Every structure is written in C-alpha cells, then in structure tokens.
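Q:
Protein chains: 2
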Amino acid sequence: MKHTTIKDVAKRLNVSISSVSRAFNDKYDIKKETKELILKTAEEMGYHPNPIAQKLSQKKTFNIGIVVPEFVNEYYSEIIIGIQEVFISHGYQVLIMQSDENADQELANVKTLINNMVDGLIIAPTMESNNMNFYLKQYQKGYPIVFMGRVEESLPASKVLFDNKKWSFFATEHLIRQQYKKIYHLSGYKNLSVSNDRIQGFLKAMDKHKIPKENYKVIEGGLMAKHGIAIVEDLIYKNDLPDAFFCFNDLMAFGVIKRLKSNGLRVPEDIAVMGFTETQMAELNTPQLSSVKQPTFEMGKKTAELLLKLIDKGPEQPETIILNGELNIRESTLNEKVTDNT
Amino acid sequence: MKHTTIKDVAKRLNVSISSVSRAFNDKYDIKKETKELILKTAEEMGYHPNPIAQKLSQKKTFNIGIVVPEFVNEYYSEIIIGIQEVFISHGYQVLIMQSDENADQELANVKTLINNMVDGLIIAPTMESNNMNFYLKQYQKGYPIVFMGRVEESLPASKVLFDNKKWSFFATEHLIRQQYKKIYHLSGYKNLSVSNDRIQGFLKAMDKHKIPKENYKVIEGGLMAKHGIAIVEDLIYKNDLPDAFFCFNDLMAFGVIKRLKSNGLRVPEDIAVMGFTETQMAELNTPQLSSVKQPTFEMGKKTAELLLKLIDKGPEQPETIILNGELNIRESTLNEKVTDNT
DNA sequence: AAAATCATCGGAAACGTTTCCGAAAACGGT
DNA sequence: ACCGTTTTCGGAAACGTTTCCGATGATTTT
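Protein chains in written order, with UniProt numbering: chain A, 1 to 342; chain B, 1 to 342.
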C-alpha cells in the first residue's frame, strides 16, 4: 500500500522534484533526454502522480456532479452515459446523485456536491421549486452549472432541452390523421414545465385541426404506470373512454394498455395509445407502442460539452440547445380503417 | 470563488490553526467554549473544510469505485442505488463506471479508478476473464475489493451472490408442475458463471422429475431481446418448439413472446414463457410475465457494507453472502388445464 | 572579449488540512 | 508553597504535488 512518490523518483535519479514534475507535465524547460529518462524510471518504479495532491495544488478536483431525479428508468441512465463519455475522456470523474423526485433531497445533493468542490454541476431538476433561486445564485456567483430537461426556456443559464411542445404536437397530429375522433391526453404533473409544454403541443394540434372542445381532454396523470391504470379505471367507471390516449410517457402508456386489456378492450382496434420518451420496451410490447424518441445520449453529450466550455472558458453568453426527436409509429396507434399512414 | 480557509478563521479569532481543526474534528483536547466559538464564527464566515486538503492529509479519498457491465437496465441501477445509500450516509462519494460487457473496458475502468485512488472497489465483472487475476492480485496486496454477481463461489474474496442455481431450479420446477412436458432453457452466455448456475438448476429439476432427455434442451442465448427472437425464429424454422421456454432474463423472454406472437402463437395457451431477474415491465406486459425477482437493492446494500467493513477493519476472513429471491408466478406460465397452482 | 540571451535545472513556497510534540496554564493534593 | 496532573493550546512537520524565482553554464550577439 506504500505509494512511491515524486520524491522517490527524484532521489533515485539525483534530480530535483521539479524536474520530475516537469517531465510528467510536458513542460518546455526540460531537456528531452532527462525527460525521457525520468519517465522511463518512473514507469519502472511504478510511479503514478497522486491525484489528490495534484488537485490540491491545481485547485481543481476534476470531479463534476450530476443530480437527476432518478436513474432506474432508461431515460436518465442514457443521458448520464452521454455525459460520462465526454467527461471521462477529458480526465474528469463524475459523481451521480439522485433526488428521487424530491426537491429537498435535490437541494441537499447539490449542496453535498458543492461541498465536495466539484468543478461543475449538471442539474436535471425534479420540478420548478424555489431551489432554482439557490442554483441561479450559485451560477451567478460564477459556479459552473448547466441545466437539463425540466426547466423553462427563459432560465438565464446554459441548458439543454427537448422540444416537447413540437413533438407533442406531432404525436397528437398523428393521432388526428389516423382519424381518432376523441383524444385524451394523460399529462404529467402540472408543476413540471415539460408537462405544460406537452399539453401546449396537444392543444395546438387540437386547435389547428379544429377539434371541438367536447372531443378532447387533458387529464393530469403522473410519471408511473399506476397513474395510467388509475385514470383508465376512473374513466371506465364514468363511462368516458376516448378513441385514443396520448400519454406523458411510455410507462403510463403501458399502464393504460394493461388496464384497457383487462377490461376486454383491444389496442389499437378499440382504443389507440401513444407514449412519449421512448423506452426499449416500446418495440417489445404487445402491441408495439408508438412513441416519441428523445435523443438521450446526445442530450447528455451536449450538456457535458456546455459545462466543459463553461469550466474552461468561464461564463459567457448562456447557451440554450433545443434538440429534436423522432416520432416512431407502431401498432398501438394504427387505425386499420386508414390506408394512408403518413 | 475565493474560499475562506482554516487560516482565515484562525486569524479572525486569534487562535491557532490546530485549534480550529480540533474544533471541527471533535477532538478531546479543546475547551468546550472555544470550540463553540470557533464553530459559530466559522459558520458566520461560511467556512467549510476543503475536502481535497483533508483527503491529502488523511491519505484517504473518501471515494469508492463501482464497475458494472451497464446501468441502462434496472438491475444494476437498483444495485447501485443500494450501494450509494450506504456509502453516501458514511460520507463517501461513489464513482460509477460501466464496462459495456467488455472485459478490456472493465480492466481499463478498474485501473482508472485505482489511479484515482478510490478507497475501495466494487466489481461486478462482465465475465470470467483473466482480469480476475489482476483483481485478485490487487486484493491480495491489500486493496479493498468486493465482488458482486457474476463470480464463482470459490473466489477467495468477499462477494455478494444470488443463488441462481436454486431459483432456476424453482422456476423450472414450477413449469414442470404446470405440466408443461417439453421445456427449453434459453441460457445466457456460457462463459458467465451465472449462466452455468442457472443451467445447473434447470438440469437438476429435469433430473429430479425424471424428464426424458428428448423433452428438454439448453440453448445458448445471450442477454438481449434480439437473442430470444433469433432463437425462436430458428426453432420455428426447424419446427422444434417446446411447451415452455425458461429464459435467462426478462428481456430475452419479451423477445421470445414477441416472436411467438408474430407467428400466431399465444402465450401461455400455446407456449408458456418464464423470465428471470424481474423487471418492472413483467407486470405490465401482456401477458404478465412470470419471473424470479432478485433483491437488487439489498444486494447493493450488503455489498457496500462488506466493502465498508473491509476498508475500516482491514482484510479479515473473506465473506460470501448469498441472497434469496422470489418466484413471481404470473399469466405467462399458467396452464389452464392445471387447477392446482402451487 | 564582454555582454546578452537561452536552455536547463534546483530550491522553496504554496495549496489547506491533520497531527505530533511540547509548552503554558490551571488545578488538585500534600 | 511546592509538585505532579490535567487541560488547553500553539508551532511545525507532514501529506504530494505544481510553479515561481533565481542560478548556472552554454551559446549567441555585439
């Protein structure tokens, strides 16, 4: 467990500590031969610079922190993988913490990460809370922070967003084109900006195609399958089922499909169901689920690159990157009566 | 960005640096009043000890590293959450790296983590490779390492395992009791010890119930849905379909179900399908998938606790924890002709 | 040949803690 | 009033780097 230090290497070669340091850091003021000699014997001695000492000396931790609501589902996992790819290749290590969809936990996580002196932070907030004030204050004090996902476009900081309104619109329009007449949107929690964006997209499509008000509805759901199940349950009880459901995410869609089937209803023959934020199960489910695929990996990479720039070059004009998705039509929203499937 | 240091606090109160340190570290040799005074003014000045400096001084990084094959699927995500819960509450930060089911990548990850001087390592190997020699050598040199999952019971180091053989046996026996006569096991890669354990369990059940050799088969699959699909495809082509499939994991089971359905076969009426390592989709799929639930969260916690002990108390007798699961019977393996569903 | 430049290196401060060692102060007992 | 403890504290070394500053000798310029 005894580590060989820079001193050991220096002593062995009868050179100074500074020379060894210079050799390892590619400095100009060292002769080529001595540098090579140093590197060679250091290699032989199994010397690796102690990262902690380097960090102390350089006043950088080469750690960055990520706070996400959760990473059990694929969405944030994939984003994290994208982030890691960028940072690890730049010599950083990534600390991941989850807020469990809880604003207090989120704030606590951010504070631990700051106390651990991470060089930068990526925050995917669970919801708009007054935490944002704290985060923004840190950002304005010069702490490098980049936001991701559930924040408003007006936020005065760099961020990477998905164009929820647009793709919600496209998804809804697809349902309309498939000639589903009565369409219900099961939204996410309404205190999430993404939920509202998708509601906006839904309503915009309704408006454009002049669907009468009694033929559509927005019902507040949540994030999980059980929310979809509960809502369908309720609608069955009220005898108020639509032709098509457009769900906030795939998980809710799976819940909806399950509950419909257990009531003897077929998807899509009786009722169509559309998801959002595509999961790998969309293809494997019966029926295969139509959904909107978000470019998770790319979102992670872009976010990481923004933060890296912020760390290296200091604060400049905040940048907002809005990414596009992909509407993947599958069995669950195909109306057999419609031949033109555009 | 200018941090207040221990010196600033000391100077302000005209005490020594050591006293401030003592106050923060709950040392005995400091008067209660001065300690409180120091803590109060430190608080006022917004002083937090610099963790990097602490780490350098204490020769500990308070970082631990985890290497997993992947964390897109729920299995490792949940394990990681269990690990984090233990370590974060003990003041550690957790560095997570994924090997992408690639042994070289895995080794590289372990080496980066060691170079980053993590205080301990949790390795969930992708497969038995000669990496194990390297890991064991580090372990024997005194580096705290705990293994998880895909390792053999004979490995001379602390580890947390799932009793794959036992639960594979139970799962298979359930299929036999449901009077499925011809049962095929789609295994995982045969260079994984877990695959072999589950094969053993499968064969043991066949043996116990004296199933004739021509009525069962072990087919090497993999880890993903597409492997299940490909195998079913092949069996259909060869006209060699069984009454029931027992799959290495849920993902393969979903692939199997999908491919069977697209051939007009019903699950479970025509063919039953059983998964393993239960996912949240098992309940939501149609039909609901029978599977074996692994105690992922607990596995994470146990692993973390083993490592924590290893770090704190040094190497003792290696400990092996083998955890039990839960056989969850659902629609996909219920034979309507059988009334006694035990 | 003197002066200026350049390449190469060593010494030491600095980064911000913890901790060892010893000293001063307070205290109790005789 | 003296001595031995105990309590409380300060000084300084140590952790392992990076980097600034200056020194030395070699090389080039005038």
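Even glycine gets a Cβ: it sits at the ideal position worked out from N, Cα and C.
Just so we're clear, the structure is a prediction, and the values are computed from it rather than from any experiment.
1. Quickly, what does DSSP pair Met127 of chain A with across the bridge? List them, please.
2. Give the DSSP-derived three-state secondary structure of Ala10 of chain B in the structure shown.
3. Is there a Cβ from chain B that is less than 8 Å from the Cβ of Phe71 of chain A?
4. Check whether chain B comes within 8 Å of Asn263 of chain A, counting only Cβ atoms and requiring the distance to be less than that.
5. Going by beta carbon distance, what residues of the same chain come within less than 8 Å of Asn131 of chain A, once the five residues before and after it are set aside?
6. Lys301 of chain B and Gly82 of chain B - do their beta-carbons sit closer together than 8 Å?
7. Going by beta-carbon coordinates alone, are Asn249 of chain B and Ser290 of chain B separated by less than 8 Å?
8. Among B:Gln280, B:Asp29, B:Asn285, whose alpha-carbon lies nearest the alpha-carbon of Val267 of chain B?
9. Are there 16 or more other CB atoms within 10 angstroms of the CB of Thr342 of chain A, so buried, or fewer, so exposed?
10. Using a beta-carbon distance cut-off of less than 8 Å, what residues from the region 44-58 of chain A approach chain B?
11. Could you please give the first and the last residue of the uninterrupted alpha helix (DSSP H) stretch that includes Asn215 of chain A?
12. Cβ of Leu284 of chain B less than 8 Å from any chain A Cβ?
13. Please confirm if Ala205 of chain A has its CB atom under 8 Å from at least one CB of chain B.
14. Considering only their Cβ atoms, is the gap separating Gly65 of chain B from Pro315 of chain B smaller than 8 Å?
15. Less than 8 Å between the CB atoms is what I'm expecting for Ala230 of chain A and Met274 of chain A, so what's the real figure, rounded?
16. Using a Cβ-Cβ distance under 8 Å, would Ile96 of chain A count as near chain B?
17. List, in chain order, every chain B residue whose beta-carbon is nearer than 9 Å to that of Lys258 of chain A.
18. Pick from B:Pro318, B:Asn73, B:Lys190: whose alpha carbon is nearest that of Pro156 of chain B?
19. For a contact defined as C-beta to C-beta under 7 Å, what are the partners of Ser77 of chain A on chain B?
20. Rounded to a whole number of angstroms, what is the C-alpha to C-alpha distance between Phe297 of chain A and Phe24 of chain A?
21. Starting from His174 of chain A and walking both ways along the alpha helix (DSSP H), at which residues does that stretch end?
22. Which residues of the region 246-257 of chain B have a Cβ closer than 9 Å to any Cβ of chain A? Give them in chain order.
23. Tell me whether Lys31 of chain B sits in a helix, a strand or coil according to DSSP, three-state version.
24. Quick one: is Ala124 of chain B near chain A, going by C-beta distance under 8 Å?
25. Could you tell me how far apart the beta carbons of Glu278 of chain A and Val256 of chain A are, in whole angstroms, since I believe they sit closer than 8 Å?
26. Could you tell me if Pro69 of chain A is buried or exposed, where buried requires 16 or more neighbouring beta carbons within 10 angstroms of its beta carbon?
27. Met1 of chain A to Lys59 of chain B, Cα distance in whole Å?
28. Gly120 of chain A bridges to which residues according to DSSP?
29. May I ask you to report which of helix, strand or coil DSSP gives residue 390 of chain A?
30. Pick helix, strand or coil for Met206 of chain B, following the three-state DSSP scheme.
31. On the DSSP letters alone, give me the boundaries of the beta strand (DSSP E) that Met148 of chain A sits inside.
32. Helix or strand or just coil, what does DSSP make of Ile271 of chain A?
33. With a threshold of 8 Å between beta carbons, is Met1 of chain B in contact with chain A?
34. Taking the alpha carbon of Lys35 of chain A as the point to measure from, which residue in A:Asn191, A:Met299, A:Ser154, A:Ser19 has its own alpha carbon closest?
35. Mind checking the region 199-227 of chain A against chain B and listing, in chain order, the residues whose C-beta falls within less than 7 Å of any C-beta there?
36. Would you say Gln179 of chain B reaches chain A, if we count a Cβ-Cβ gap shorter than 8 Å as a contact?
A: Considering the structure as presented:
1. Checking the DSSP bridge columns, you'll see Met127 of chain A has no partner listed.
2. Three-state DSSP puts Ala10 of chain B in a helix.
3. For Phe71 of chain A, a Cβ of chain B is located within less than 8 Å of the residue's own Cβ.
4. Cβ-Cβ to chain B under 8 Å: no for Asn263 of chain A.
5. Around Asn131 of chain A, the same chain offers Ala103, Glu106, Leu107, Val110, Pro125 as residues with beta carbons nearer than 8 Å, after the five sequence neighbours per side are excluded.
6. For Gly82 of chain B and Lys301 of chain B, yes; Cβs fall inside 8 Å.
7. At the C-beta level, Asn249 of chain B and Ser290 of chain B stay beyond 8 Å of one another.
8. When each option's Cα is compared against that of Val267 of chain B, the closest is B:Asn285.
9. Confidence is the limiting factor: at Thr342 of chain A the pLDDT is only 49, short of 50, which leaves the residue's position unreliable and the question unanswerable from this model.
10. Per Cβ criterion, the list reads His48, Asn50, Pro51, Ile52, Ala53, Lys55, Leu56.
11. For Asn215 of chain A, there is no enclosing alpha helix (DSSP H), as DSSP marks it with neither H nor E.
12. Chain A, which has a Cβ nearer than 8 Å to the Cβ of Leu284 of chain B, makes this yes.
13. It does not; no Cβ of chain B falls within 8 Å.
14. Against a cut-off of 8 Å, the Cβ pair of Gly65 of chain B and Pro315 of chain B comes out as no contact.
15. The Cβ separation is near 19 Å, so there is no contact.
16. Chain B contact via Cβ: present.
17. Chain B residues near Lys258 of chain A: Glu283, Leu284, Asn285, Thr286, Gln288.
18. It is B:Pro318 whose Cα lies nearest to the Cα of Pro156 of chain B.
19. Within chain B, the residues whose beta carbon sits less than 7 Å from that of Ser77 of chain A are Phe71, Val72, Ser77, listed in sequence order.
20. If I take the Cα positions, the gap works out to 34 Å.
21. From DSSP, the alpha helix (DSSP H) with His174 of chain A extends over 164-177.
22. Taking 9 Å as the cut-off between beta carbons, the residues of the region 246-257 of chain B near chain A are Leu251, Phe254, Gly255, Ile257, in sequence order.
23. Coil, per DSSP.
24. So no, Ala124 of chain B is outside the interface.
25. Wrong, their Cβ atoms sit about 16 Å apart, outside the cutoff.
26. Per the 10 Å Cβ criterion, buried.
27. For Met1 of chain A, the pLDDT reaches just 48, beneath the cut-off of 50, and the residue's location in the model is therefore unreliable, although a value from the coordinates is still provided. Straight through space, the alpha carbons of Lys59 of chain B and Met1 of chain A are spaced by roughly 11 Å.
28. In the DSSP output, where bridge partners are listed per residue, Gly120 of chain A has A:Ile64.
29. Any answer about residue 390 of chain A is impossible in this case: the structure gives chain A only from 1 up to 342.
30. Note: Met206 of chain B maps to helix in three-state DSSP.
31. 145-148 is the span of the beta strand (DSSP E), which, as asked, contains Met148 of chain A.
32. Reduced to three states, the DSSP call for Ile271 of chain A is coil.
33. Since pLDDT at Met1 of chain B reaches only 48, below the 50 mark, its modelled position is unreliable, and the value read off the structure follows with that caveat. It does; some Cβ of chain A falls within 8 Å.
34. Lys35 of chain A has its Cα closest to that of A:Ser19, out of A:Asn191, A:Met299, A:Ser154, A:Ser19.
35. Answer set for the region 199-227 of chain A: Ala225.
36. It does not; no Cβ of chain A falls within 8 Å.
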